[in-house]
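Colleague: Each position in the sequence shown, counted from 1, maps to that position plus 57 in my numbering. In this text, a Cβ means the ideal position worked out from N, Cα and C, and glycines have one as well. Below are the structure tokens for one structure; questions will follow.
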Amino acid sequence: MDSGIVWFFNFLYVKLSWLQAWHIRDETYSAALAELVNHQYRHAFAAHWGDGTTSSSDGQRFRAGGRGESTGHVNPKYGSEPGRLFYTHISDQYAPFSTRVVNVGVRDSTYVLDGLLYHESDLRIEEHYTDTAGFTDHVFALMHLLGFRFAPRIRDLGETKLYVPQGVQAYPTLRPLIGGTLNHGSLAAANRGVAEYELSE
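So, in structure tokens, the structure goes:
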């Protein structure tokens with residue numbers, strides 16, 4: 058093989074390694090992503106898709122080599138096949154304003170608020186959508202307390218029952234959907250817990 062080609066590829070590898078070590082970090086990636094999102098956000102054509110106040114997030118799994126069992130990366134949904142999950146927040150202007158690489162064993166809902174609170178773009182998100190994996194009661198409560206409208210798509214919602222503040226007789230039209238009356242004491246205790254959690258952050 059020509060020594061010039063070998064030298065070129067060795068040089069290229071060294072240069073790419075240096076660039077990765079010195080410039081490709083979470084904070085530099087976030088800043089660069091924010092610049093791209095902001096440029097699109099200010100572009101007049103982006104307004105045809107949305108005003109930048111609505112977003113959604115979801116995880117996308119990519120397979121990786123090796124064996125997942127030996128590394129502890131086992132997920133009930135994906136089994137023991139090794140892989141990584143990229144959890145991405147996308148605005149209504151189709152700009153991915155937050156992306157995180159996460160362990161496949163962690164539920165998506167763990168990262169919903171991170172993307173909304175810690176992105177560096179100029180977007181002012183008011184309403185956020187997720188699928189069932191991005192929803193928990195805790196996320197729902199914190200979204201409300203932090204001023205976000207949260208609209209998760211909840212799987213099997215048709216099988217879910219409503220619990221009402223008064224008896225079933227107060228809501229005759231909803232009778233088939235009602236599962237019982239609210240436990241006000243339990244709600245008050247949970248509300249105190251959520252408020253304490255929010256204040257601790």
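So, Asp115 versus Thr145, is the Cβ gap smaller than 8 Å?
Modeller: yes
Colleague: Would you call the region 162-169 and the region 193-209 touching, i.e. three or more CB-CB distances under 8 Å?
Modeller: They touch, by the three-pair rule.
Colleague: Which of the three DSSP states, helix, strand or coil, is assigned to Gly136?
Modeller: strand
Colleague: In the region 181-226, which residue ranges form an unbroken alpha helix (DSSP H) of at least 4 residues, counting only runs that do not cross its ends?
Modeller: 194-202
Colleague: Would you check if there are 3 or more beta carbon pairs closer than 8 Å linking the region 169-184 to the region 229-240?
Modeller: no
Colleague: Would you call the region 135-144 and the region 68-76 touching, i.e. three or more CB-CB distances under 8 Å?
Modeller: no
Colleague: Go to Ser114, then tell me how far its alpha helix (DSSP H) extends in each direction, as first and last residue.
Modeller: Careful: Ser114 lies outside any alpha helix (DSSP H), inside the beta strand (DSSP E) at Thr111 to Arg120.
Colleague: Alpha carbon to alpha carbon, how far is Asp213 from Gly236? Give it in angstroms, no decimals.
Modeller: 15 Å
Colleague: Could you tell me if Leu203 is buried or exposed, where buried requires 16 or more neighbouring beta carbons within 10 angstroms of its beta carbon?
Modeller: exposed
Colleague: Using the rule of at least 16 other Cβ atoms within 10 Å of the residue's Cβ for burial, across every protein chain shown, is Tyr86 buried or exposed?
Modeller: A residue is called buried once 16 or more other Cβ atoms fall within 10 Å of its Cβ, and Tyr86, having fewer, is exposed.
Colleague: Alpha carbons only, please: which of Gly162, His241 and Asp149 is nearest the one belonging to Arg118?
Modeller: With distances taken between Cα atoms, Arg118 lies closest to Gly162.
Colleague: Using three-state DSSP, classify Leu239 as helix, strand or coil.
Modeller: coil
Colleague: Are the beta-carbon atoms belonging to Gly191 and Ser148 less than 8 Å from one another?
Modeller: Cβ distance not < 8 Å, so Gly191 and Ser148 don't count as in contact.
Colleague: Once DSSP output is grouped into helix, strand and coil, what is the label at His146?
Modeller: strand
Colleague: Does the distance from the CB of Phe205 to the CB of Ile182 come in under 8 Å?
Modeller: Ile182 sits close to Phe205, with the two beta carbons spaced by under 8 Å.
Colleague: Helix, strand or coil: which one does DSSP assign to Asp74?
Modeller: Going by the sequence as given, residue 74 is Ser instead of Asp. In the three-state reduction of the DSSP assignment, Ser74 falls in the helix class.
Colleague: Using C-beta distances below 8 Å, list every residue in its chain close to Lys218, excluding the 5 sequence neighbours before and after it, in chain order.
Modeller: Leu234, Ile235, Gly236 and Gly237
Colleague: Would you mind reading off the limits of the alpha helix (DSSP H) that contains Thr85?
Modeller: Secondary structure note for Thr85: its alpha helix (DSSP H) is the uninterrupted segment Asp83 to Arg99.
Colleague: Does DSSP put Val161 in a helix, a strand or coil?
Modeller: Annotated three-state conformation of Val161 is coil, per DSSP.
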